[in-house]
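Student: I am attaching a structure below and will ask some questions about it afterwards.
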Amino acid sequence: MSKVRVLVGTKKGAFILSADGKREKWDVSGPFFGGWEIYHLKGSPINPDRIYASQSSGWFGQVIQRSDDGGKTWDTPGGGIKMEPGQMPSGKSNMFVYDTSSPNGAELHTHQWYDGTQHPWEFKRVWHLEPSLTDADAVYAGVEDAALFLSTDGAKSWHELAGLRGHGTGPRWQPGAGGMCLHTIILDPRNPKRIYIAISAAGAFRTDDGGKTWKPINRGLFSQYIPDPNAEVGHCVHHVAMHKSRPNTLFMQKHWDVMRSDNAGDQWTEVSGNLPTDFGFVIDVHAHEPETIYVVPIKSDSEHFPMDGKLRVYRSRSGGNEWEALTKGLPQKDCYVNVLRDAMAVDSLDSCGIYFGTTGGQVFVSADAGDNWTPIVESLPPVLSVEVQTLS
Amino acid sequence: MIRVVLPAHLRALAHVSSEISIEVPRPVTQRSVLDALENAYPMLRGTIRDHVTQARRPFLRFFVCSEDWSHESPDTPLPEDIVSGKEPLYIVGAIAGG
Chain A
40 MSKVRVLVGT KKGAFILSAD GKREKWDVSG PFFGGWEIYH LKGSPINPDR IYASQSSGWF
100 GQVIQRSDDG GKTWDTPGGG IKMEPGQMPS GKSNMFVYDT SSPNGAELHT HQWYDGTQHP
160 WEFKRVWHLE PSLTDADAVY AGVEDAALFL STDGAKSWHE LAGLRGHGTG PRWQPGAGGM
220 CLHTIILDPR NPKRIYIAIS AAGAFRTDDG GKTWKPINRG LFSQYIPDPN AEVGHCVHHV
280 AMHKSRPNTL FMQKHWDVMR SDNAGDQWTE VSGNLPTDFG FVIDVHAHEP ETIYVVPIKS
340 DSEHFPMDGK LRVYRSRSGG NEWEALTKGL PQKDCYVNVL RDAMAVDSLD SCGIYFGTTG
400 GQVFVSADAG DNWTPIVESL PPVLSVEVQT LS
Chain B
87 MIRVVLPAHL RALAHVSSEI SIEVPRPVTQ RSVLDALENA YPMLRGTIRD HVTQARRPFL
147 RFFVCSEDWS HESPDTPLPE DIVSGKEPLY IVGAIAGG
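Here the protein sequences come in this chain order: A and B.
In terms of our numbering, the first sequence has 311 at position 272, counting the first letter as 1, and numbering is strictly consecutive.
In terms of our numbering, the second sequence has 104 at position 18, counting the first letter as 1, and numbering is strictly consecutive.
Written as structure tokens, this is what we have:
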């Protein structure tokens, strides 16, 4: 029977929630890396027992952890106690150094700071890890200050794909409230050279040559809080999602506005429709219905909680514009949590499961595509990210 | 042998439960102790000092014989009590964050 494994990153450690295909009875393991911020964990689609985790701390900086047994045990790749025969541990698995070398690197320039002045580019943490679709040893890392790194040796070492940071618009990028983070990485399942990424607050970008060169894909976005609302870059994109069967169709939750593109990001159209508020962070797509999408509307950018104290997921079965509130099993009174950008995921069981975590430490599951919800856990530390693995 | 006491999170990362004893080539300085520590426990690289600049991470402090040596030159020889192993070098996480 199929199983699911939910990988939860929180402000104070990681947790793994496991269940069979019914998704009714859950086993909770963790905390792993207790006391550390776990921005993201994600398993390889090639080898689901290989899971990468981003562990960070204001005191001790960035650490990368890897498990090769489905999360039972963890170690720092190439630098832990499991030294590989004949090899000295390198201790470079947490070494993220911007590539300024010639000819592949890019000058380490400045970006716009909150007050409009220019500020040095400085590595702070890894926000998102995206394992390759074809190689369990390959994994991408989206970092703050915004850049994209790639490891091809199982996260033992990293090198920057500097063409992105070196894009000529870099000095016009600026940090969102959470920092200038590259938080979304989407690999095109049909075209290994095509990658989409998103940065707060620069916008979305696409490469069609495996990361050498990048194109801003923000046409159609309108952000009234920036000097030029239609600018090429500067938009605060919160998250982007894609259905693997339609890699040219993208859905975006922007700071304000829910958007879609049907031409790989070349042009965006607003599909907020009848949402009660179109501010939010998460967006995801049903595993089997590429026009069924989910968001969690948040009141505003100054009040990061649901409207009226009611936690509601909204579902559109028409790819946007027409939305229905999903409330069964979710708190409908006195609920003032947030759902952060990487904290929603879908499984690929026949009856698609939807998962999301809150800053109140809840992780909810719906085993019927959003009709009914139940909490898996209710008192974790604030949830930063949720991923799910569907295991046979 | 030089004794080093790590903060709890770094002990967990290094898979050690108590203070560490390491061989350090002379002269014994903050730099040579950290070099030896990172060589023996490579998972600690980047967590105490920056990979590239080797600068101490801002929220960590080094205490030597009850004195704060965080702003001493990393190449200043450490006192005999550290060299002899009578006293450990304390690497301490700053109290911050509430």
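Think of the CB as a built atom: it goes at the ideal place given N, C-alpha and C, for glycine as much as any other residue.
(1) Taking the alpha helix (DSSP H) that histidine 95 of chain B falls in, what are its first and last residues?
(2) Mind checking if phenylalanine 149 of chain B is an interface residue toward chain A, Cβ cutoff 8 Å exclusive?
(3) Just to confirm before moving on: does the CB-CB distance between arginine 143 of chain B and glycine 100 of chain A stay below 8 Å?
(4) Less than 8 Å between C-beta atoms, sequence neighbours within five positions excluded: which residues of the same chain meet that for aspartate 248 of chain A?
(5) Would you tell me roughly how many angstroms separate the C-alpha atoms of proline 268 of chain A and isoleucine 256 of chain A, rounded to the nearest one?
(6) Can you tell me where the beta strand (DSSP E) holding serine 300 of chain A begins and where it ends?
(7) So, does the CB of proline 163 of chain B fall closer than 8 Å to a CB anywhere in chain A?
(8) For the stretch 107–140 of chain B, enumerate the residues whose C-beta is nearer than 9 Å to any C-beta of chain A, in chain order.
(9) Considering only residues of the stretch 100–145 of chain B, which uninterrupted beta strand (DSSP E) runs meet the minimum length of 3 residues and lie entirely inside it, listed in chain order?
(10) Considering only C-alpha positions, which residue in the set A:Asp389, A:Arg354, A:Glu417, A:Gly259 is nearest to alanine 326 of chain A?
(11) Taking tryptophan 212 of chain A as the reference, which of A:Gly348, A:Tyr153, A:Asn230, A:Ala280 has the closest Cα?
(12) What are the uninterrupted segments assigned as beta strand (DSSP E) that are 3 or more residues long and contained completely in the stretch 263–305 of chain A, given in chain order?
(13) Does the CB of threonine 49 of chain A have a neighbour CB from chain B at under 8 Å?
(14) Hey, could you find the ends of the beta strand (DSSP E) aspartate 59 of chain A is sitting in?
(15) Name, in chain order, the residues that DSSP records as bridge partners for glutamine 101 of chain A.
(16) Am I right that valine 404 of chain A and threonine 413 of chain A are in contact with their C-beta atoms under 8 Å? What's the rounded C-beta distance?
(17) For glycine 74 of chain A, return the contacting residues in chain B, with the cut-off set at a CB-CB distance below 9 Å.
(18) Which runs of the alpha helix (DSSP H) fall wholly inside the stretch 332–362 of chain A and span at least 4 residues, in chain order?
(19) Suppose you measure from the CA of arginine 258 of chain A to the CA of proline 421 of chain A; what does that come to, to the nearest Å?
(20) By Cβ distance, which residues of its chain are closer than 8 Å to glutamine 151 of chain A, with the 5 residues on each side in sequence left out?
(21) Run the CB neighbour count on serine 159 of chain B, radius 10 Å, all protein chains shown included, and call it buried at 16 or more, exposed below.
(22) Decide yes or no for the touch test of the stretch 336–346 of chain A against the stretch 307–324 of chain A: beta carbon pairs closer than 8 Å, at least 3 of them.
(23) Nearest-angstrom Cα distance between proline 266 of chain A and alanine 58 of chain A?
(24) Using the three-state DSSP reduction, which class does proline 214 of chain A fall into: helix, strand or coil?
(25) Is there a Cβ of chain B sitting closer than 8 Å to that of glutamine 371 of chain A, yes or no?
(26) Which chain A residues sit within Cβ distance under 8 Å of arginine 143 of chain B?
(27) Kindly indicate the opening and closing residues of the beta strand (DSSP E) around isoleucine 238 of chain A.
(28) Inspect the beta-carbon positions of glycine 181 of chain A and glutamine 428 of chain A and report whether they are closer than 8 Å.
(29) Roughly how many whole angstroms lie between the Cα atoms of valine 45 of chain A and tyrosine 394 of chain A?
(30) Which residue comes first and which comes last in the alpha helix (DSSP H) that contains aspartate 389 of chain A?
(31) CA-CA distance, phenylalanine 188 of chain A and threonine 139 of chain A?
(32) Going by DSSP, what residues sit across from lysine 254 of chain A in a beta bridge?
(33) Taking just the CA atoms, how far does phenylalanine 162 of chain A sit from tryptophan 98 of chain A?
(34) Counting only beta-carbon separations shorter than 8 Å, does leucine 175 of chain B have a partner in chain A?
(35) Note down, in chain order, every chain B residue with its Cβ under 9 Å from the Cβ of glycine 118 of chain A.
(36) What is the C-beta distance between tryptophan 307 of chain A and methionine 281 of chain A, in whole angstroms, given that I count them as a contact (C-beta under 8 Å)?
Tutor: Based on what the coordinates show:
(1) 94–100
(2) no
(3) yes
(4) Lys232
(5) 15 Å
(6) 297–300
(7) no
(8) Glu124, Asn125, Tyr127, Pro128, Met129, Leu130, Arg131, Gly132, Thr133, Ile134, Asp136, His137, Val138
(9) 106–108
(10) A:Asp389
(11) A:Tyr153
(12) 276–281, 289–293, 297–300
(13) no
(14) 52–59
(15) A:Ser95
(16) 6 Å
(17) Ala94, His95, Ala98
(18) none
(19) 34 Å
(20) Gln157, His158, Pro210, Arg211, Trp212, Gln213
(21) exposed
(22) yes
(23) 49 Å
(24) coil
(25) no
(26) Trp98, Phe99, Gly100
(27) 234–239
(28) no
(29) 8 Å
(30) That residue, aspartate 389 of chain A, is in no alpha helix (DSSP H); it is neither H nor E in DSSP.
(31) 13 Å
(32) A:Arg245
(33) 14 Å
(34) no
(35) Tyr127, Pro128, Met129, Leu130, Arg131
(36) With 8 Å as the limit, tryptophan 307 of chain A and methionine 281 of chain A do not qualify as a contact, their Cβ atoms being about 14 Å apart.
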